[in-house]
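Per our numbering, the very first residue in the sequence shown carries number 4; after that it's consecutive. Built from N, CA and C at the ideal position, the CB exists for glycine as well. Note sheet for the following structure.
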Amino acid sequence: MVDQLKKIVALCQKHPGTVLTIAWLLTRLTYMFTQPRGWIYQDWEYGEFANRFLQTGALAWHYPWIPQPIPSAMVPPGLIFILVFLKKFLSQHYFVAWALVQFVVAGGTWAFFWATCRQILSPRALWLAGLLFIFDVNLYSPMRWVNETPFSMLFMMMFVFTLVEWDRQPSIRTASAIGAILGLGGLFHSTFSGQIPVALGWILWRSRFNGTGWRKGRFHGMALLIAWIVILTPWTVRNFRTFHRFIPTDLHLGRGLWVGWNAQSCGSIYKLDGSPMDYEPDLVQRLEKLKTEPEIDAELMRTAFDHALSNPRRWIKQRVFCFLFFWHEHTFWAPNSPFRTRKAFVLGLYNLFLIAVFFPCAIVAWRGGGPSLRLILVVIGLLCLLHTLTLADIGNRYRMPLEPLLVIVMGYSLARLLHPKAHRD
């Protein structure tokens, strides 16, 4: 018996990736097959866009005051076209096909997570980070969602992995891959392209230390930008031809700012008590005179800035709540939230504990970790800043793309309590 245990321990030490991947597969498959029938959420607005595209051949949205659906760029196109493909060719098994897509995307997230951990963590921290990832309950629920979140998680891990890989083996090809990943991620969630400053800053800064040199580093940065532009150009051209305006991915900023900045808002997509928000009567009157989406978005943006400028103190208070609700779901604190359930309450308790552990771990990682861990913390901080300035979700959807990165930071810091050298970068 003792000899068998020693063999198992030796196998785990020799092949941690294989052992943890098997554990990941077993836990995810168990989760999928033990859920009740209809466990995947409905596709809501993304599905409505896909249905209209199949009917009319165009992306359109129906506004209540306009009789017919009008051309739209309200959401990025990436997920819509995946749903169009599934609904057109696999309509009889739509939700089964979507579950398979989710499983593949989740597998890709795990693969890039593990590859990133292998580059920057010691074996002890590697094991701890892998176990945290496998048993983090937050990383199960996105498999039920028909939205951009699982893809954002995948592209976020691909982005961080390629940045770390470029630092170790700098090349034009890797820099171009970073730009392509940012472009593809932007086609699923527009805030993803907001990581461009991080990518360029990383390349220019690390080129001084990894043998690339300042001059080559600038060329690598240019390659990144060119790849990013090439990926976004087809959709930008479509938007320009449709709206005669420069719209790289989506036309959603005005609505997002109104939701996060209006007088009813607490920085979340619902009021502080969890009840829904409605457009102000005078705003509705102005919107009813508009017939195109760029005009609607521009009016919402002007109204949002009017709210912010008329009461800066309220705007600052909203930003504080927005920051808090980015990290911990608004549902937990909102008595009138339509999503307030016992399960959501238990998940909220878990996330309170998770956040209480993460922030001290972040300080340890920043002080004692290498440049790759600091890069991860900067990526986390920038996405948090972008959402703090705009809006938070009623749940933890906007934070979810960062969840694997939080796990890496906690894996490093907790392992450091047991071993003084818990990283390799």
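Exercise. Return the bridge partner residues of residue 74 from the DSSP annotation.
Key: Stepping through the sequence shown from its first residue, residue 74 is reached at position 71. Bridge pairing for residue 74: 63 [DSSP].
Quiz item: If we count the other Cβ atoms within 10 Å of its Cβ and call it buried at 16 or more, is residue 25 buried or exposed?
Solution: By one-based count along the sequence shown, residue 25 stands at place 22. Residue 25 counts as exposed, since fewer than 16 other beta carbons sit within 10 angstroms of its beta carbon.
Quiz item: Who are the Cβ neighbours of residue 112 in its own chain at under 7 Å, not counting the five residues just before and after it?
Solution: Here residue 112 is taken as the residue at index 109 of the sequence shown, counted from 1. Contacts found: 156, 157, 160, 407.
Self-check item: Beta-carbon spacing of residue 206, residue 185 below 8 Å
Solution: In the sequence shown, counting from the first residue as 1, residue 206 sits at position 203. In the sequence shown, counting from the first residue as 1, residue 185 sits at position 182. Not in contact: residue 206 and residue 185 (Cβ atoms no closer than 8 Å).
Exercise. Could you check what DSSP says for residue 271 in three-state terms: helix, strand or coil?
Key: Along the sequence shown, one-based indexing puts residue 271 at 268. Note: residue 271 maps to strand in three-state DSSP.
Exercise. Can you say whether residue 44 is buried or exposed, counting buried as having 16 or more other CB atoms within 10 angstroms of its CB?
Key: Taking the sequence shown and counting its residues from 1, the one referred to as residue 44 is at position 41. Result: exposed.
Quiz item: Does the count of Cβ pairs from the segment 173-181 and the segment 139-155 closer than 8 Å reach three?
Solution: As far as the Cβ criterion goes, the segment 173-181 does not touch the segment 139-155, which means the pair count is below three.
Quiz item: Do you know how far the Cα of residue 167 is from the Cα of residue 380?
Solution: Against the sequence shown, residue 380 aligns to sequence position 377. Against the sequence shown, residue 167 aligns to sequence position 164. Spanning the two alpha carbons is a distance of roughly 13 Å.
Quiz item: With a CB to CB cut of under 7 Å and the five nearest residues on each side skipped, what residues in its chain are close to residue 310?
Solution: Translated into positions along the sequence shown, residue 310 becomes position 307. Take residue 310, set aside five residues on each side of it, and the residues of its chain with a beta-carbon closer than 7 Å to its own are 264, 265, 266, in chain order.
Quiz item: Can you give the Cα-Cα distance for residue 23 and residue 300, rounded to whole angstroms?
Solution: For the purposes of this step, residue 23 is taken as residue 20 along the sequence shown, with counting starting at 1. For the purposes of this step, residue 300 is taken as residue 297 along the sequence shown, with counting starting at 1. If I take the Cα positions, the gap works out to 47 Å.
Self-check item: Distance between residue 393 and residue 259 (C-alpha atoms, nearest Å)
Solution: Within the sequence shown, numbered from 1, the residue matching residue 259 stands at position 256. Within the sequence shown, numbered from 1, the residue matching residue 393 stands at position 390. Residue 259 and residue 393 have their C-alpha atoms roughly 6 Å apart.
Self-check item: Nearest-angstrom beta carbon gap, residue 49 and residue 149 [assumed within contact, 8 Å]
Solution: One-based indexing of the sequence shown puts residue 149 at position 146. One-based indexing of the sequence shown puts residue 49 at position 46. Residue 149 to residue 49, Cβ: 6 Å. Contact.
Practice problem: Look at the Cβ atom of residue 415, then the Cβ atom of residue 357, and state whether they are nearer than 8 Å. | Solution: Position 412 of the sequence shown, counted from the first residue, corresponds to residue 415. Position 354 of the sequence shown, counted from the first residue, corresponds to residue 357. The answer is no: Cβ separation not under 8 Å.
Self-check item: For residue 188, the nearest candidate out of 251, 351, 97, 46 (CA to CA)
Solution: Residue numbering aside, residue 188 sits at position 185 when the sequence shown is read from its first letter. The candidate whose alpha carbon is nearest that of residue 188 is 251.
Self-check item: residue 154 classed as buried or exposed, judged by whether at least 16 other C-beta atoms fall within 10 angstroms
Solution: Locating residue 154 in the sequence shown gives position 151, counting from the first residue. Residue environment for residue 154: buried (at least 16 other C-beta atoms within 10 angstroms of its C-beta).
Self-check item: Residue range of the alpha helix (DSSP H) that includes residue 200
Solution: In the sequence shown, residue 200 corresponds to position 197, counting from 1. Element bounds for residue 200: 199-209.
Quiz item: Would a C-beta distance cut-off of 8 Å place residue 124 and residue 118 closer than the cut-off?
Solution: In the sequence shown, the residue the question calls residue 124 occupies position 121. In the sequence shown, the residue the question calls residue 118 occupies position 115. When the beta-carbon positions are compared, residue 124 and residue 118 stay at least 8 Å from each other.
Practice problem: Just the C-alpha distance for residue 28 and residue 360, rounded to the nearest angstrom, thanks. | Solution: On the sequence shown, position 25 is the one that residue 28 refers to. On the sequence shown, position 357 is the one that residue 360 refers to. Using only the alpha carbons, I get a separation of about 26 Å.
Exercise. Would you kindly work out how many angstroms separate the C-alpha atoms of residue 276 and residue 287, rounded to a whole number?
Key: Against the sequence shown, residue 276 aligns to sequence position 273. Against the sequence shown, residue 287 aligns to sequence position 284. If you take the alpha carbons of residue 276 and residue 287, they lie about 23 Å apart.
Practice problem: Look at the alpha carbon of residue 86 and the alpha carbon of residue 246, and state the distance between them as a whole number of angstroms. | Solution: Position 83 of the sequence shown, counted from the start, is the residue given in the question as residue 86. Position 243 of the sequence shown, counted from the start, is the residue given in the question as residue 246. Approximately 24 Å between the Cα atoms of the pair.
Quiz item: Taking contact to mean at least 3 C-beta pairs separated by less than 8 Å, is the segment 307-325 in contact with the segment 384-393?
Solution: A contact exists between the segment 307-325 and the segment 384-393.
Exercise. Flag this pair as yes or no: are the beta carbons of residue 103 and residue 83 separated by less than 8 Å?
Key: Taking the first residue of the sequence shown as 1, we reach residue 103 at position 100. Taking the first residue of the sequence shown as 1, we reach residue 83 at position 80. No. Outside cutoff.
Quiz prompt | Same chain, Cβ closer than 6 Å to residue 425, neighbours up to 5 away in sequence not counted | solution = By one-based count along the sequence shown, residue 425 stands at place 422. At residue 425 the pLDDT is 46, less than 50, meaning the model places this residue with poor confidence; the figure from the coordinates comes in the next sentence. Counting only Cβ-Cβ distances below 6 Å, and skipping sequence neighbours, we find 125, 128, 415, 418, 419.
Exercise. Give me whichever residues DSSP pairs with residue 395 in a beta bridge.
Key: By one-based count along the sequence shown, residue 395 stands at place 392. DSSP lists 271 as the beta-bridge partner residues of residue 395.
Quiz prompt | Contacting residues, own chain, Cβ-Cβ under 7 Å from residue 365 (five flanking each side not counted) | solution = Taking the sequence shown and counting its residues from 1, one reaches residue 365 at position 362. Cβ neighbours of residue 365 within its own chain (closer than 7 Å, five residues either side excluded): 380, 412.
Quiz prompt | Residue burial classification, residue 291 (beta-carbon count within 10 angstroms, cutoff 16) | solution = Along the sequence shown, one-based indexing puts residue 291 at 288. Result: exposed.
Quiz item: Considering residue 242, what are the terminal residues of the alpha helix (DSSP H) in which it resides?
Solution: Counted from its first residue, the sequence shown places residue 242 at position 239. Under the DSSP assignment, residue 242 falls in the alpha helix (DSSP H) whose first and last residues are 217-246.
Quiz prompt | Alpha carbon of residue 77 to alpha carbon of residue 350, nearest angstrom | solution = Here residue 77 is taken as the residue at index 74 of the sequence shown, counted from 1. Here residue 350 is taken as the residue at index 347 of the sequence shown, counted from 1. C-alpha separation (whole angstroms): 31 Å.
Quiz item: Can you give the beta carbon distance from residue 197 to residue 385, rounded, assuming they're within the 8 Å contact cut?
Solution: As a first step, residue 197 must be located in the sequence shown, where it is residue number 194. As a first step, residue 385 must be located in the sequence shown, where it is residue number 382. Contact holds; Cβ gap of about 7 Å.
Quiz item: Which word fits residue 201, buried or exposed, when buried means at least 16 other C-beta atoms lie within 10 angstroms of its C-beta?
Solution: As a first step, residue 201 must be located in the sequence shown, where it is residue number 198. By the 10 Å Cβ count, residue 201 comes out buried.
Practice problem: Keeping to the same chain, check which residues put their C-beta closer than 6 Å to that of residue 383; ignore five residues upstream and five downstream. | Solution: Residue 383 sits at position 380 when you count from the first residue of the sequence shown. Short of 6 Å from the beta carbon of residue 383, and not among the five residues preceding or following it, lie these beta carbons of its own chain, in chain order: 405, 408.
Exercise. Classify residue 114 as helix, strand or coil using the three-state DSSP reduction.
Key: Numbered from 1 along the sequence shown, position 111 holds the residue referred to as residue 114. Correct three-state label for residue 114: helix.
Self-check item: Rounded separation between residue 396 and residue 370 - CA only
Solution: Position 393 of the sequence shown, counted from the start, is the residue given in the question as residue 396. Position 367 of the sequence shown, counted from the start, is the residue given in the question as residue 370. Going by the C-alpha atoms only, they are around 31 Å apart.
Quiz item: Would a C-beta distance cut-off of 8 Å place residue 337 and residue 345 closer than the cut-off?
Solution: The residue labelled residue 337 in the question sits at position 334 within the sequence shown. The residue labelled residue 345 in the question sits at position 342 within the sequence shown. Contact flag unset, no.
Self-check item: Boundaries (first-last residue) of the alpha helix (DSSP H) holding residue 319
Solution: Within the sequence shown, residue 319 is the residue found at index 316, counting from 1. Element bounds for residue 319: 315-330.
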